[in-house]
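K.L.:
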Amino acid sequence: MSIKVTIDGKEVSARDGDNIIDVAAENGVYIPSLCYVKGKPCLGTCRTCSVKVNGNVMAACTIPVAEGMEIEVNEPEVTDMRKALVELLFSEGNHNCPSCEKSGRCELQATGYEVDMMVSRFPYRFTPRVVDHSSKTIFLQRDRCIFCQRCVDMIRDEKTGEKIFSIKGRGTHARIEIDTDLANEMSPQQVREASDLCPVGCIIDSTQGYDDPIGKRKFEVKTIRDRALERTHR
Amino acid sequence: MNDEIQTILSNYHSDRTRLMDMLWDVQLQQGYISDEAVSSLAKDLKISNDDVRETLTFYHFFHDKPFGKHKVYLCDTTIAKMSGYDEVRDALSNEIGTAFNSVDETSTFGLGDANCIGLSDQEPAMMVDNVVFTKLTPNKVKDIISDLKSGKTAENIANPKNINSKELAYVENMVDANIKTESQVLFKANRDYKSILQTCLDKHIPEEVIEEITLANLRGRGGAGFPTGMKWKFGREAEGAEKYIICNADEGEPGTFKDRVLLSHSPKDVLLGMIAAAYAVGSRHGIIYLRAEYWYLKDFLQQQIQDFRDEGLLGKNILGSKLEFDIRIQMGAGAYVCGDETALIESCEGKRGTPRVKPPYPINQGYLGMPTSVNNVETLAAASYIIEKGGDWYEEMGTDDSTGTRLLSVSGDCENPGIYEIEWGTTLNEVLEMIGAKDAKAVQISGPAGDTLSVKLDGEREFCYSDLSCNGSLMVFNQSRDLLNVVRDFEKFFVEESCGICVPCRAGGVDLLHKMERFIDGRGCQQDIEEITTWSKLLKGTSRCGLGTAAPNPILATLEKFPEIYQEKLVEQKGPLLPSFDMDDALSAHELAYKKLTQEEA
Ligand SMILES: Cc1cc2nc3c(=O)[nH]c(=O)nc-3n(C[C@H](O)[C@H](O)[C@H](O)COP(=O)(O)O)c2cc1C
Ligand code: SF4
Ligand code: SF4
Ligand code: SF4
Ligand code: FES
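Residue numbers (this note's numbering), protein chains in the order written: chain A, 1 to 234; chain B, 235 to 836.
#1: Let's see if you can read the secondary structure: which residues bound the beta strand (DSSP E) around K38(A)?
#2: Pick from A511(B), N598(B), Q538(B) and P596(B): whose alpha carbon is nearest that of F559(B)?
#3: Quick one: which residues of the segment 720–738 of chain B get their C-beta closer than 8 Å to a C-beta of chain A? List them in chain order.
#4: Check each residue of the segment 289–301 of chain B: if its Cβ is closer than 7 Å to any Cβ of chain A, include it; give the result in chain order.
#5: Locate the beta strand (DSSP E) running through G782(B), then write down its first and last residues.
#6: Can you find a heavy atom of ligand 1 that lies under 8 Å from the Cβ of G454(B)?
#7: Between Y570(B) and ligand 1, is there a pair consisting of the residue's CB and a ligand heavy atom that are separated by less than 8 Å?
#8: Starting from the beta carbon of E92(A), find every residue of chain B whose beta carbon is closer than 7 Å, and list them in chain order.
#9: Give me the DSSP bridge partner(s) of C309(B).
#10: Looking at chain B, which residues of the segment 153–170 of chain A have a Cβ within less than 9 Å of any of its Cβ atoms?
#11: Give the DSSP-derived three-state secondary structure of L253(B) in the structure shown.
#12: Mind pulling the chain A residues with CB within less than 8 Å of I281(B)?
#13: Is any beta-carbon of chain A found at less than 9 Å from that of E765(B)?
#14: Using C-beta distances below 6 Å, list every residue in its chain close to F728(B), excluding the 5 sequence neighbours before and after it, in chain order.
#15: Secondary structure at H233(A), three-state DSSP: helix, strand or coil?
#16: Any C-beta of chain B within less than 9 Å: which residues of the segment 178–195 of chain A qualify?
#17: Between which two residues does the beta strand (DSSP E) containing M508(B) stretch?
#18: If we count the other Cβ atoms within 10 Å of its Cβ and call it buried at 16 or more, is S777(B) buried or exposed?
#19: Using a cut-off of 9 Å between C-beta atoms, extract the partners of R778(B) located in chain A.
#20: Should R144(A) be counted as a contact of ligand 2 given a C-beta to heavy atom distance under 8 Å?
#21: For ligand 3, I want to know if C151(A) counts as a neighbour, meaning its beta carbon is within less than 8 Å of at least one of the ligand's heavy atoms.
#22: Cβ of C759(B) within 9 Å of Cβ of S814(B)?
#23: What separation, rounded to the nearest whole angstrom, lies between the Cα atoms of D533(B) and E485(B)?
#24: Taking 8 Å as the cut-off, is the C-beta of P199(A) nearer than that to any heavy atom in ligand 3?
#25: Tell me whether the beta-carbon of V5(A) lies closer than 9 Å to the beta-carbon of A66(A).
#26: Consider the Cβ of R125(A): report whether some Cβ of chain C lies at a distance smaller than 9 Å.
#27: Give the residues whose C-beta lies closer than 6 Å to at least one heavy atom of ligand 4, in chain order.
#28: Out of E806(B), S273(B) and G265(B), state which residue places its alpha-carbon closest to the alpha-carbon of L243(B).
#29: Determine which residues of the segment 569–601 of chain B have a Cβ less than 9 Å from any Cβ of chain A, and write them out in chain order.
#30: Examine ligand 3 and report whether any of its heavy atoms sits within less than 8 Å of the Cβ of L140(A).
#31: The segment 458–471 of chain B: which residues have C-beta closer than 9 Å to a C-beta of chain A, in chain order?
#32: For a quick check, are the C-beta atoms of D284(B) and D179(A) less than 9 Å apart?
#33: In chain B, which residues lie with their C-beta within 7 Å of the C-beta of M81(A)?
#34: Can you list, in chain order, the residues of its chain whose CB lies under 7 Å from that of S500(B), leaving out five sequence neighbours each side?
#35: With a Cβ-Cβ cutoff of 9 Å, do G93(A) and T127(A) count as a contact?
#36: What I want to know is whether the C-beta of T463(B) ends up closer than 8 Å to one or more non-hydrogen atoms of ligand 1.
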């Protein structure tokens with residue numbers, strides 16, 4: 001069923017039940033996102049897709065559109081909130097882009113550019129995080145993990161359906177664990193899938209280093225914004 | 235050892251959703267949950283070891299490493315700190331011979347902190363092996379620890395007369411009820427539950443029960459104040475092969491303990507409320523989610539449920555009707571966030587308590603994906619009176635938007651802490667008078683997640699949903715208390731209890747706490763006030779659940795009501811560097827790191 005909503009004051013039509021990120025993208029409005037994967041159940045962890053809905057701040061990927069909804073994306077206060085959330089992720093983890101395998105292919109880095117981030121307003125925390133090299137297929141570089149939960153929810157052992165990635169602990173101590181035995185059973189394709197799915201350089205395919213030279217990498221060739229908009233422009 | 239685990243598994247039919255219960259049973263039998271136990275559970279449940287650990291490592295009271303034969307947790311809330319906590323803490327540490335958050339040399343004691351354990355009216359209080367000791371003094375601590383060392387169990391010490399744990403006397407022997415007011419609605423003695431239910435079932439079809447609750451304008455007492463009639467109506471209309479009624483007895487909000495007292499002194503009111511909900515919604519299964527801190531209520535409650543079964547009020551063909559409904563108790567394991575109804579449901583399913591993304595709401599897709607009505611203990615108790623006396627009767631009490639009564643759990647600086655039943659519409663000053671708070675400066679309502687009131691500015695405000703909406707926690711602070719420390723304790727609480735799944739609360743909460751520490755240390759300047767305000771708004775706006783959105787409340791409320799406590803501590807910025815920047819410290823950090831690295835290399 002088609003309904004009408006407004007995005008930044010402009011009336012657009014949308015399919016009832018589609019989420020705000022998709023509806024906005026179909027209408028050429030980019031909303032940053034770091035955990036949402038189109039077509040998959042929404043994770044609602046990163047909150048960088050926050051927009052105002054009828055005046056209240058909400059995570060766009062978690063909200064289905066409804067008739068008459070007034071959505072504000074490029075409103076100053078909420079735009080700054082999105083930027084602040086990206087900055088929080090940079091200060092919480094340890095991100096040294098020049099030495100990172102994911103640089104140029106990293107969704108966090110690319111989103112940082114999109115929200116005009118220069119430096120984090122939050123104090124950098126430099127928390128030591130343990131790297132997990134125990135599996136043959138994957139290096140888990142936890143310094144860069146943004147705890148989006150994509151790997152936990154979307155990557156399962158192909159035979160048993162068991163979790164390969166899971167959470168340990170809670171709050172600031174929460175971190176991603178990798179089940180070494182199950183990880184060792186992963187096919188090269190599945191390893192690739194996992195490392196591509198990870199928005200940052202945390203899940204590293206142990207057989208893959210820097211494929212492309214600087215300037216030719218994924219988001220350097222085409223920005224994350226253009227990719228997000230293109231994905232939904234059918 | 236493995237046999238024990240196999241028995242546990244078969245007791246729960248290897249049902250993964252009962253993982254919480256299995257972990258409790260393993261820990262109670264083996265002292266902690268070893269890697270071996272994890273593997274055995276995982277193998278049988280056909281999940282990965284880390285998946286078991288995902289649940290295990292989330293909860294404060296589960297241990298994956300040995301934590302002593304006796305597990306001692308001292309409650310460290312702000313209220314405890316106003317009641318002789320420091321001396322008790324030192325005494326515990328000395329007597330046991332180990333620091334907090336460690337195990338002593340002989341592995342006899344594990345010593346840890348706990349957030350509010352629901353005994354704010356009798357602090358300092360501690361849990362030892364799921365038994366509680368209240369109104370502690372250094373001497374009392376000394377005796378308890380020496381008894382434990384001599385081989386007595388915590389149970390022996392707390393219950394020397396060996397009262398049966400199924401009896402109220404057992405509970406009363408351990409904790410005080412402290413009910414300070416005459417009953418207006420709740421806590422009526424000698425109710426004839428059978429005839430109340432019989433009349434209700436004879437007189438009303440389910441829709442009419444919902445109508446009475448709606449007429450009464452009963453609103454959820456867990457905090458959000460959602461109209462209960464509407465919730466049950468949605469539940470009735472929702473489609474699902476099964477439907478569930480959950481009683482939220484997680485009561486984790488610091489300062490509340492009214493649900494504990496309802497469950498001990500009016501347990502059957504709560505059960506009757508659940509049966510009414512089941513009838514209204516069309517449910518066959520009920521769960522009481524009981525926080526682990528209330529372990530001493532477990533057997534007693536179980537017996538109350540059994541009484542109802544024996545009398546035909548629970549089970550198949552309830553009182554000869556077609557109604558079928560039964561209740562099980564789900565124990566929590568120490569996680570405030572599990573009070574959030576969706577986190578609670580995850581926990582009931584044997585998982586870590588991550589609040590779900592909403593929508594969908596539990597009333598449409600809750601426990602096991604089925605329509606689930608989660609209701610607070612007090613809401614259910616109140617409902618049991620409404621089905622007896624009618625919506626009209628209830629609606630007469632209170633104000634236009636807030637009908638009936640509300641229980642307050644009162645603690646802090648007053649003469650008579652305890653449980654008070656007030657009619658909605660009572661003013662703050664009236665309450666302060668009632669409880670004997672002579673020198674009150676500030677009142678925290680609804681716990682850290684709620685609001686900070688200034689007695690001077692807010693005294694004439696009324697308790698009601700449109701003004702002082704209160705979840706039952708009321709803590710009083712007198713003129714001598716340092717509110718900045720209180721706020722810092724509250725922020726620490728949110729950091730410790732954050733589930734960690736979303737960015738603003740997990741990462742931002744820590745920054746708010748650090749800022750508070752900066753003010754307290756006298757290193758904050760005007761810029762810090764501005765930053766803490768915008769960062770607070772960030773958490774409020776973007777967090778995924780009520781924990782994160784409420785976390786900045788203590789800061790925002792005190793900045794508004796008591797700006798002077800911040801102003802007094804502010805320092806002027808001189809030159810280009812912020813006062814919080816310590817040049818010596820920054821330089822020494824470099825030196826330290828350099829030393830460490832060169833040492834590592836050598
Ligand atoms: C962090 C958090 C903690 C909560 N703790 C409790 C609690 O301990 N008890 C409770 O009844 N509701 C608690 N709630 C509210 C529940 O999510 C839910 O709204 C309530 O149980 C519904 O029952 P009611 O409608 O009867 O109030 C909490 C909510 C949040 C976000
Ligand atoms: S994960 Fe992304 S943001 Fe982090 S260091 Fe690598 S490229 Fe930079
Ligand atoms: S490892 Fe990658 S995919 Fe998994 S939670 Fe961390 S950032 Fe997300
Ligand atoms: S707000 Fe805090 S407790 Fe709630 S989901 Fe986010 S991290 Fe978890
Ligand atoms: S993209 Fe919406 S919360 Fe992450």
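Quick reminder that beta carbons are idealized off the backbone N, C-alpha and C, glycines included.
P.N.:
In short:
#1: First-last for K38(A): undefined, no H or E at that position.
#2: Here the closest residue by C-alpha is A511(B).
#3: Sequence-ordered contacts of the segment 720–738 of chain B with chain A read V729, E730, E731, S732, C733, G734, I735, C736, V737 and P738 [C-beta pairs closer than 8 Å].
#4: Within the segment 289–301 of chain B, the qualifying residues are T291 and F292.
#5: From DSSP, G782(B) is part of no beta strand (DSSP E) but of the alpha helix (DSSP H) over G780 to A784.
#6: Yes - ligand 1 has a heavy atom lying nearer than 8 Å to the Cβ of G454(B).
#7: Y570(B) has its Cβ nearer than 8 Å to a heavy atom of ligand 1.
#8: Result: A741.
#9: For C309(B), which the question treats as bridged, DSSP gives the partners A348(B).
#10: Under the 9 Å Cβ criterion, the segment 153–170 of chain A contributes D157, T160, G161, E162, K163, I164, F165, S166, I167, K168, G169 and R170.
#11: Three-state result, L253(B): helix.
#12: Neighbours of I281(B) in chain A, taken as residues whose beta carbon is under 8 Å from its own, are E162 and K163 in chain order.
#13: Closer than 9 Å: yes.
#14: Close CB contacts of F728(B) within its chain, under the 6 Å cut and outside five residues either way in sequence, are with G743 and A785 (chain order).
#15: Residue placement at H233(A) cannot be trusted, given a pLDDT of 44 that sits under 50; what the coordinates show is reported in the next sentence. Note: H233(A) maps to coil in three-state DSSP.
#16: Answer set for the segment 178–195 of chain A: I178, D179, D181 and L182.
#17: Counting along the chain, no beta strand (DSSP E) covers M508(B); the unbroken alpha helix (DSSP H) around it starts and ends at P501 to V515.
#18: It counts as buried.
#19: Close to R778(B), with beta-carbon spacing below 9 Å, are these residues of chain A in chain order: G44, T45, R47, A59 and T62.
#20: Yes, the Cβ of R144(A) comes within 8 Å of a heavy atom of ligand 2.
#21: Indeed, a heavy atom of ligand 3 lies less than 8 Å from the Cβ.
#22: Between C759(B) and S814(B), the CB-CB gap stays under 9 Å.
#23: Taking the straight line from one Cα to the other gives about 18 Å.
#24: Yes.
#25: Yes; because the gap between Cβ atoms is below 9 Å, this pair is in contact.
#26: The displayed structure is made up of protein chains A and B, and chain C is not among them.
#27: Going by the Cβ distance cut-off, the answer is V571(B), P589(B), S732(B), C733(B), G734(B), I735(B), C736(B), C739(B), R740(B), S777(B), R778(B), C779(B), L781(B) and G782(B).
#28: Taking only the C-alpha atoms, the option nearest L243(B) is S273(B).
#29: Closer than 9 Å at the C-beta level to chain A, one finds these residues of the segment 569–601 of chain B: A569, V571, R586, G587, T588, R590, V591, K592 and P593.
#30: Result yes, Cβ under 8 Å from ligand 3.
#31: From the segment 458–471 of chain B, no residue has a Cβ closer than 9 Å to chain A.
#32: Contact flag set, yes.
#33: The answer, in chain order, is L772, G775 and T776.
#34: Closer than 7 Å at the Cβ level, and outside the excluded window around S500(B), lie L420, F421 and A615.
#35: Cβ distance < 9 Å, so G93(A) and T127(A) count as in contact.
#36: It is Gly, not Thr, that sits at residue 463(B) in the sequence shown. Not under cutoff, so the answer is no.
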